[in-house]
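Note sheet for the following structure.
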Amino acid sequence: MNEENITRGREISQKYLEFLDQHIENVVSGEVLSFFELNEIASELAVSHQHLTFTIQKELGNHPCHFYDSKIIEKAKKMLLENEISIAEVARRFTYDPSNFSKFFKNWTGETPGNFRKNNIK
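Quick note: the sequence shown, position 33, residue 33 per this note's numbering, numbers continuous.
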């Protein structure tokens, strides 16, 4: 493997993570109505879905969906701690119904959004 391929892999990974941060922000703010599928993100980054998946797994050690979900959880945690909005509203901003959001959140964190909020707000 040559230096150019290594650099390109890092560049794709960096652009992917930056894209996720901005895209999640746009969804939460209501600027974008729904989350992109992975193939749509790949298209936005001008790479194939397969190349994006291979590159992210090789460079970062996990499937791109792992980082997508992880960044959604990271943002949800911040919103649960920083904002005086209901958990149902946090779920809605992430385009989830509250029940599915709660299951998704608990699957990642081991606790419900309500318990997370209660245990982390001082």
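Just so it is clear, CB atoms sit at the ideal spot from N, CA and C, and this is done for glycine as well. Values in this document were obtained by computation on a predicted structure and should not be read as measured data.
When DSSP states are grouped into helix, strand and coil, Gly-9 belongs to the helix group. Assignment of Ser-43 by DSSP, reduced to helix, strand and coil, places it in the helix class.
In the DSSP assignment, Leu-80 falls within the alpha helix (DSSP H) that extends over 64 to 82. If you draw a 10 Å sphere on the C-beta of Leu-52, you find 16 or more other C-beta atoms in it, and that means buried.
Residue burial is scored here from C-beta neighbours: His-66 has fewer than 16 other C-beta atoms within 10 angstroms and is therefore classed as exposed. Excluding the 5 residues flanking it on each side, Leu-20 has same chain C-beta neighbours closer than 7 Å at Phe-67, Tyr-68 and Lys-71, in chain order. Tyr-96 sits in coil when the DSSP states are folded into three classes, being neither helix nor strand. Spanning the alpha carbons of Asn-115 and Thr-7 requires a straight line of approximately 42 Å. In this structure, Pro-113 and Ser-99 do not form a Cβ contact; the two beta carbons are roughly 11 Å apart against a cut-off of 8 Å.
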